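Participant: Before we start, here is the structure in question, set down as structure tokens.
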Amino acid sequence: MLIIRSLLVLLSAAAVHSAPQQRNRNRNGQQGTRQSPQQQAAALPQGVSQATDGSTILDTTATVNGVDLRFKVSAPANLFTTLTNVTGARARPGTTSNAGLNVLLHGDGGQSFFDFPNQAVQGGLLGVVILAPSENLLWGQRAGPPSGLSRDDGVADSLAVRDLIREVLPQVVAFDPSNVFFTGVSGGALTLSGFFMPAHLAEFPGTGVLLMCGALAPQVDVVDPEGFIANSRIHFQSTKDELVSLQQSIPEAIVAFENIATGVGLNAAQVGQLQTVDNTPNGGHCEFDELGFVSGIQLIADNFANIMQGGNGVVQGIDAPTVLTSVVGNEDLQFAAARKRELDDSLLM
């Protein structure tokens, strides 16, 4: 069941800047129960702010399939609907525009939700980022500590993302529903590739998915493979010193999606045009600039159009002629020596 809250009420509430809640303390002043990442995120104010390109960011929440989904949209003010109460909003709810979407699912812990690396309008796409409905801000796992590649709630989370895009966002901003791209970061990439793509990408044909530092082979049945695999761009972006578990799962995902493509009749040249891979950077998990997690993700996000929308794949900061190498013949990625351990056998951010 889908419930679309009154956005006007939400924004009115969000206008009151919530101070971060203090942790409980006992009579002796000792620290009590620690807040979960979800509770800490809830203490951060929602509302309206400015994007890096001067466009407007709306941070709000809707209830989808019984769970609260907090999300941000970055768009010119006039594209927001009059329901949002954004200054300068002119669009009527349910109307469309020429602008597409780039919808990002963050990694474990939610860092990329707060950073919003795909904010601003790039390549005609409005930026959207969604916060996982999880106590530890993990896509595909609503309760409990990180459990690595396991994503027991991947089906439900993927459906919630689909319904948010189809049912809620048209009430928030005017966009072209036939031009919706996706970006996954780490744990978000696991949920996208393992669950959302096989189950729902056929509803968004002719677009594409950028998978950063994470991927799973489909964990559910593939719905209408001809409807998306022959028309959708998929790019896998990793690094040489990737996490051990991902050094196995990313190549497995590459093979799986390549096999889906050949299974519907695509030849090697056609597959190579649609599905590409790169792990040139000599960095750790998501460190595509070989400097850091946040800056590495931002580098790829800044080059989204050049990677996903017909560009030449040249990324300043990655020492490769192009990151758009065909997956055909390059399924067995060459990684650095496997790390001796992984922190809690989980993904980082």
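Residue numbering for the sequence shown is -18 to -1, 1 to 331, as defined by mature numbering (1 follows the signal peptide of the UniProt record, and there is no 0).
Where is the CB? At the ideal position from N, CA and C, for every residue including glycine.
Only a predicted model underlies this, so the values are computations on that prediction, with no experimental measurement involved.
Would you kindly report the start and end of the unbroken beta strand (DSSP E) that includes PHE164?
Facilitator: Taken as a continuous stretch (DSSP letters only), the beta strand (DSSP E) holding PHE164 covers 162 to 167.
Participant: Between the stretch 154 to 165 and the stretch 129 to 136, do at least 3 Cβ pairs fall closer than 8 Å?
Facilitator: Contact fails: fewer than three Cβ-Cβ distances are below 8 Å.
Participant: One question on the structure: do GLY70 and PRO152 come within less than 9 Å of each other, judged by their Cβ atoms?
Facilitator: No. Outside cutoff.
Participant: Hey, quick one: how far does the beta strand (DSSP E) through PHE218 stretch, first residue to last?
Facilitator: Where PHE218 is concerned, the enclosing beta strand (DSSP E) stretches over 215 to 219.
Participant: According to DSSP, is ILE242 helix, strand or coil?
Facilitator: If DSSP states are grouped into helix, strand and coil, ILE242 belongs with the helices.
Participant: Please return the same chain residues whose Cβ sits closer than 6 Å to the Cβ of LEU146, not counting the five positions on each side in sequence.
Facilitator: These residues qualify, in order along the chain: VAL46 and LEU51.
Participant: Please state whether DSSP places THR173 in a helix, a strand or coil.
Facilitator: Here THR173 sits in helix by DSSP.
Participant: Within its chain, find whatever has a CB closer than 6 Å to the CB of ARG144; leave out the 5 residues flanking it on each side and keep chain order.
Facilitator: These residues qualify, in order along the chain: HIS182.
Participant: With three or more beta-carbon pairs closer than 8 Å as the criterion, would you say the stretch 210 to 220 touches the stretch 257 to 271?
Facilitator: At 8 Å Cβ cutoff, the stretches touch.
Participant: Would you call the CB atoms of GLY166 and LEU193 closer than 9 Å?
Facilitator: Yes. Within cutoff.
Participant: May I have a chain-ordered list of the beta strand (DSSP E) segments no shorter than 3 residues that lie completely inside the stretch 246 to 286?
Facilitator: If we require 3 residues or more, the beta strand (DSSP E) runs fully inside the stretch 246 to 286 come out as 257 to 260.
Participant: Would LEU86 pass as a contact of SER94 if the rule is Cβ separation under 9 Å?
Facilitator: It is a contact, given that the beta carbons lie within the stated cut-off.
Participant: Per the contact definition of three or more C-beta pairs closer than 8 Å, is the stretch 274 to 282 in contact with the stretch 223 to 243?
Facilitator: The answer is no - the stretch 274 to 282 does not touch the stretch 223 to 243, with fewer than three Cβ pairs under 8 Å.
Participant: Cβ of PHE96 within 9 Å of Cβ of LEU26?
Facilitator: Closer than 9 Å, so yes.
Participant: Given that a residue counts as buried once 16 or more other Cβ atoms are within 10 Å of its Cβ, and exposed if not, what is GLN316?
Facilitator: Result: exposed.
Participant: Tell me the rounded alpha-carbon separation between THR38 and GLU149.
Facilitator: Distance between the alpha carbons of THR38 and GLU149 is about 21 Å.
Participant: Kindly indicate which three-state DSSP category VAL191 falls into: helix, strand or coil?
Facilitator: Looking at VAL191 - three-state DSSP - the assignment turns out to be strand.
Participant: Let me make sure I understand the geometry here. Which of ASN294, PRO127 and VAL68 has the alpha-carbon closest to that of ASP90?
Facilitator: Nearest of ASN294, PRO127 and VAL68 to ASP90, Cα basis: PRO127.
Participant: Closest by CA to ASN261, which one among LEU119, LEU306, SER129 and GLY48?
Facilitator: For ASN261, the nearest C-alpha among the options comes from LEU306.
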